[in-house]
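Data first, discussion second: the structure below is written as structure tokens.
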Amino acid sequence: NMPGAGGIVAANTVAKAPADGHVLLFGDSGNLAINPALNPSLGYDPMRDFVAVTALVSLPTILVANPSVPAATLDELIALARNQPGKMSFGSAGAGSIHHLTMAMFADAAGIQLLHVPYRGGSAMVNGLLTGEIEVGWSGIPNVMTLIESGQLRGYCISVLQRSPSTPAIPTCDELGQKGFDVATVMGMQAPAGTSAQTVGRLQAQAASVMRDPAMAARMKQLGMIMEENGTASYRQFLKYDLERYARAVRKLNLQ
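Residue numbers for the sequence shown follow my numbering, so the first one is 1 and each next one is one higher.
Written as structure tokens, this is what we have:
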């Protein structure tokens, strides 16, 4: 296990490892799309240096607000933001974080302008929502679900196209009129470029067996994750799409 530096150290290590199936990267949208978009000089290319073995899980976020915000529905929230361009504040786990870029893409789709308040991590951002320091933000399900249930935060919609088994009462943005809005951290397995098709097939079968285990499924649900299972071709296609859309968002926000 090699954590640290937002997955950059691990990605560089796997990119240079022997292509024998023994050194693998459990990558996500951070080190496979957002980090390369923010800094093209990372030392690895996510499309060139890895074989996309399989997607494993996705971690959607929920759009939440302090209950003092006078908007009971998503339509009311968007209308409120449109009536005061650049004044409604949203928090994130930091500039260039998944929360920041998700809100940037949502604001662009909804035609609104918001004021960004970056925090040092998701927990600090949620605390800012609770104290009223900021008005809205996107957060991972485990961080806010009990707060929504207790009325301490208001939940509007989930960031993917299907409702989460963890939060079945929370509608999707797509259901509420933001058609096609679909943003989540997707986690998956990568092998070094040059890994044989036979080895990739073996890894896919092993991963599928683990993910089908009922205990694993229950744990993923508890963590607010949605099970994914995509083979090399479809997962690679998704990674290319993910990289391109985050690169567009980074350019638009002038974050490089």
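The C-beta atom is built at its ideal place from N, Cα and C for all residues, glycine as well.
query, result
"Applying the 10 Å Cβ sphere with the 16-neighbour rule, what's the burial state of G155?", "buried"
"Please list the terminal residues of the continuous beta strand (DSSP E) segment that includes E228.", "226-230"
"Which whole-angstrom value is the C-beta distance of L243 and A37, which I expect to be below 8 Å?", "7 Å"
"So T102 packs on S159, CB below 8 Å; how close in whole Å?", "6 Å"
"Express the C-alpha separation of E135 and P85 in angstroms, rounding to a whole number.", "14 Å"
"What are the boundary residues of the alpha helix (DSSP H) that includes G201?", "197-211"
"Is it buried or exposed for P3, if we count other Cβ within 10 angstroms and need 16 for buried?", "Note that P3 scores a pLDDT of 49, beneath 50, so its modelled location is shaky; the value from the coordinates is reported in the next line. So P3 ends up on the exposed side."
"Under 8 Å: do the region 13-28 and the region 184-200 share three or more Cβ pairs, one atom per stretch?", "yes"
"For A11, is the classification buried or exposed, using 16 other Cβ atoms within 10 angstroms of its Cβ as the cut-off for buried?", "buried"
"Helix, strand or coil for S89 per DSSP?", "strand"
"According to DSSP, simplified to helix, strand and coil, what is I8?", "helix"
"So the beta strand (DSSP E) S139 belongs to, where does it begin and stop?", "136-140"
"Since Q222 is in the alpha helix (DSSP H), which residue starts that stretch and which ends it?", "214-222"
"Take Q162 as the anchor and find which of G177, S150, G122, D182 has the nearest alpha-carbon.", "D182"
"Could you check what DSSP says for S97 in three-state terms: helix, strand or coil?", "coil"
"What is the DSSP secondary structure of Y246, counted as helix, strand or coil?", "helix"
"Go ahead and label S92 buried or exposed: buried means 16 or more other beta carbons lie within 10 angstroms of its beta carbon, across all protein chains shown.", "buried"
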